[in-house]
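Following our numbering, the numbering of the sequence shown begins with 156 at its first residue and continues without gaps.
Here the structure is laid out as structure tokens; the discussion comes afterwards.
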Amino acid sequence: MRIKDFKLERFFAEHEFSVKYVLGASDCEGIMQRDLFSMADKDSLALWNNLKLGYTESQGHPVLREEISELYQGIEAKDVMVLAPQEGIFVVINSLLDKKDHVIVTFPAYQSLYEVAETIGCEVTKWMPDPFNNWELDVDFLRRNIKSNTKLLVINFPHNPTGYLPTKEKFLEIIEIAKEHVLYVFSDEMYRFLEYEKTDRLPSACEIYDKSVVLFGMSKTFSLPGLRIGWLITKEKELFKKFSSFKDYTTICSSAPSEILSIMALRTKNRIIDINLKIIKNNLNLFESFVSKNNELLSFIKPRAGSIAFPSLNKKVDSSNFCLNLIKEKSVMLLPSEVYDYKGNNFRIGFGRTNFSEAINKLEEFINEKQF
């Protein structure tokens, strides 16, 4: 397979570890290992102390799969496959789709959610939100664009990069449309549990539709991207077998230490989530004030969930040049919209880091010096 460069990841590879402030990060503040140990229960610490550094079960550690299943209603450990989050996307798309299948995907999107399908030879329709209406999705667009060869609907809520979260009513309507047309649904739920109001939380797609596949992991909500642990969930046994067979050609199994550390984190998940939501909400308030002060240059739609948003610049300022000059002059990294193949004049900003206020001060210096 010859696949295009992953623009977002290439941008991160070039700049993430050379700048002082990663203001475009999508994850929450990483947890120190010592702090995770201090929160861990005795059983988790026993698993760590007796850990054998050999191969692990291909499907994932049984205890970890059990902990993951408890995040959902009606899901059992046997429905869970542990793998790296990016690997999960690659496994699902390659296992589900054939050349000339049609896919509809919410867009802008994490590139692999559509690029892998396009590389296979699938037809991809991008379901765009309305930037003039709070990033809302038009459900009628979905209905109109389903074809006889449509096989898969790819959704991502809370949405990367806009932070959009549909109402429960709209989400259920989307799932009903998929049911009517017997479509598979691949639901990227990497920012789940970061809803600012718990009442806004959507059901997981795997809880309400058997032909769905759900992706989640430790990277965003649980502040542990360095573990490279994620998971797929599906109730379809034959599909699960396909995933297992494909995974034999990718990682085979997960990192033994990462699995135990993930167990520790999931057993104290509420504490981790509460910490992250407090950081996000505080930073979001700071950014709202910042945008209000700089409203001739900036505008943004406030998200209802997640750790990111997708503000826009006025038409006189190019977002790519803005972001590159900000890196060069202030060592602050934002993500320009071009890394999402999105034509709007936007950038991604992240609210999950503890040095957010310092980074915003640097951004303000930059804007004042440039006199935008």
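A virtual CB, placed ideally from N, CA and C, is assigned to each residue, including glycine.
Selected residue, minimal CA-CA separation from residue i, among the options
| i | options | result |
| --- | --- | --- |
| residue 162 | 490, 318 and 186 | 490 |
| residue 301 | 333, 214 and 173 | 333 |
| residue 531 | 330, 344 and 308 | Because the chain is modelled from 156 through 527, residue 531 falls outside the range shown and cannot be assessed. |
| residue 262 | 271, 252, 317 and 229 | 317 |
| residue 446 | 504, 424, 493 and 421 | 504 |
| residue 415 | 180, 196, 175 and 158 | 196 |
| residue 367 | 214, 323 and 235 | 235 |
| residue 431 | 483, 508, 408 and 493 | 508 |
| residue 523 | 232, 323 and 449 | 449 |
| residue 170 | 518, 229, 469 and 483 | 483 |
| residue 354 | 322, 495, 331 and 216 | 322 |
| residue 252 | 438, 282, 401 and 437 | 401 |
| residue 410 | 384, 403 and 248 | 384 |
| residue 514 | 425, 441, 266 and 331 | 441 |
| residue 243 | 363, 404 and 454 | 404 |
Continuous beta strand (DSSP E) stretch holding residue i: start and end
| i | result |
| --- | --- |
| residue 322 | Neither: residue 322 is in no beta strand (DSSP E) and is coded neither H nor E. |
| residue 282 | 278-282 |
| residue 385 | 385-388 |
| residue 367 | 367-372 |
Cβ-Cβ distance between residue i and residue j below 8 Å
| i | j | result |
| --- | --- | --- |
| residue 418 | residue 218 | yes |
| residue 370 | residue 458 | no |
| residue 378 | residue 223 | no |
| residue 293 | residue 277 | no |
| residue 268 | residue 406 | no |
| residue 456 | residue 506 | no |
| residue 309 | residue 260 | yes |
| residue 420 | residue 191 | yes |
| residue 486 | residue 176 | yes |
| residue 452 | residue 527 | yes |
| residue 182 | residue 467 | no |
| residue 319 | residue 358 | no |
| residue 342 | residue 382 | no |
| residue 248 | residue 279 | no |
| residue 398 | residue 250 | yes |
| residue 227 | residue 328 | no |
| residue 166 | residue 494 | yes |
| residue 179 | residue 488 | yes |
Buried versus exposed call for residue i [16 or more other C-beta atoms within 10 Å across all chains shown]
| i | result |
| --- | --- |
| residue 296 | exposed |
| residue 460 | buried |
| residue 303 | exposed |
| residue 376 | buried |
| residue 287 | exposed |
| residue 350 | buried |
| residue 501 | buried |
| residue 210 | exposed |
| residue 189 | exposed |
| residue 158 | exposed |
| residue 497 | buried |
| residue 172 | exposed |
| residue 347 | buried |
| residue 438 | buried |
| residue 201 | exposed |
| residue 254 | exposed |
Residues sharing a beta bridge with residue i, DSSP
| i | result |
| --- | --- |
| residue 490 | 503 |
| residue 451 | Answer is none; residue 451 lacks a bridge partner. |
| residue 310 | 342 |
| residue 464 | 504 |
| residue 229 | Bridge partners of residue 229: none, in fact. |
| residue 404 | Partner(s): none; residue 404 has no beta bridge. |
| residue 246 | Looking at the DSSP assignment, residue 246 forms no beta bridge with any residue, so it has no partner. |
Residue i - containing alpha helix (DSSP H), residue span
| i | result |
| --- | --- |
| residue 482 | 474-485 |
| residue 413 | 411-421 |
| residue 261 | Looking at the DSSP string, residue 261 is not in any alpha helix (DSSP H); the run it does join, the beta strand (DSSP E), is 257-261. |
| residue 268 | 267-275 |
| residue 193 | 188-194 |
| residue 382 | Careful: residue 382 lies outside any alpha helix (DSSP H) and carries neither H nor E. |
| residue 518 | 511-525 |
| residue 237 | Not the alpha helix (DSSP H): residue 237 falls in the beta strand (DSSP E), residues 235-238. |
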